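Heads up: the sequence shown is residues 1 to 97, going by the numbering used here. By construction, the Cβ of each residue, glycine as well, lies at the ideal position given by its N, Cα and C atoms. These figures come from a predicted structure and were not determined experimentally.
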Amino acid sequence: MLIKAGVDISRLNREIRRSLPRVEAIYDEYLEDFVITSTFEGNHGAGSLHYSNDAYDVRSPNENGVEIYMAIKENLGDSYDVASEGDHIHIEYDPKT
Numbered sequence: 001m002l003i004k005a006g007v008d009i010s011r012l013n014r015e016i017r018r019s020l021p022r023v024e025a026i027y028d029e030y031l032e033d034f035v036i037t038s039t040f041e042g043n044h045g046a047g048s049l050h051y052s053n054d055a056y057d058v059r060s061p062n063e064n065g066v067e068i069y070m071a072i073k074e075n076l077g078d079s080y081d082v083a084s085e086g087d088h089i090h091i092e093y094d095p096k097t
């Protein structure tokens with residue numbers, strides 16, 4: 001796991017933190033670097049779960065982007081939202097209860 005300079009993962013809540021090794025394993029399977037590019041810092045949309053420490057962004061893979069994105073969505077399940085946003089993949093814990 002690589003963390004972009006200035007990014008702090010220490011405040012991530014338990015459930016979103018639990019996704020980190022799962023997503024990292026998917027990146028490893030495709031021989032891609034797993035780089036966390038944002039948590040709470042930076043500018044995000046109003047109501048973003050970044051600000052409540054329930055979301056992070058990872059750098060989009062160089063190759064196999066669609067396959068990696070789909071594998072993350074499938075692996076994390078319905079309690080997580082995963083969105084491909086061009087240069088990064090946004091992952092948030094947002095259970096639908």
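Secondary structure of residue 55, DSSP reduced to three states: Here residue 55 is taken as the residue at index 55 of the sequence shown, counted from 1. In this structure, residue 55 counts as strand in the three-state DSSP scheme.
Closest to residue 48 by C-alpha separation, out of 83, 10 and 60, would be which residue? Translated into the one-based positions of the sequence shown, residue 48 becomes position 48. Closest option to residue 48, Cα to Cα, is 83.
Could you tell me the alpha carbon to alpha carbon distance between residue 7 and residue 88, rounded to whole angstroms? Along the sequence shown, read from residue 1 onward, the residue named residue 7 stands at position 7. Along the sequence shown, read from residue 1 onward, the residue named residue 88 stands at position 88. If I take the Cα positions, the gap works out to 14 Å.
Taking only three categories from DSSP, how would you classify residue 23? Numbered from 1 along the sequence shown, position 23 holds the residue referred to as residue 23. Helix at residue 23.
Using alpha carbons as the reference points, say which of 25, 57 and 5 lies closest to residue 12. Position 12 of the sequence shown, counting from 1, holds the residue named residue 12. Of 25, 57 and 5, the residue nearest in Cα terms is 57.
Mark residue 5 as exposed unless 16 or more other C-beta atoms lie within 10 angstroms of its C-beta, in which case mark it buried. Residue mapping note: residue 5 aligns to position 5 of the sequence shown, counting from 1. Label assigned to residue 5: exposed.
Give the single residue among 60, 50 and 32 whose Cα lies nearest to the Cα of residue 85. For the purposes of this step, residue 85 is taken as the residue at position 85 of the sequence shown. Comparing Cα-Cα distances from residue 85 to each of 60, 50 and 32, the minimum goes to 60.
For the alpha helix (DSSP H) containing residue 72, name the first residue and the last one. Working through the sequence shown from its first residue, we reach residue 72 at position 72. Unbroken alpha helix (DSSP H) run through residue 72: 65-76.
Hey, would you say the C-beta of residue 47 is under 7 Å away from at least one heavy atom of the ligand NAP? In the structure on display, the ligand NAP does not appear, and there are no ligands present to speak of.
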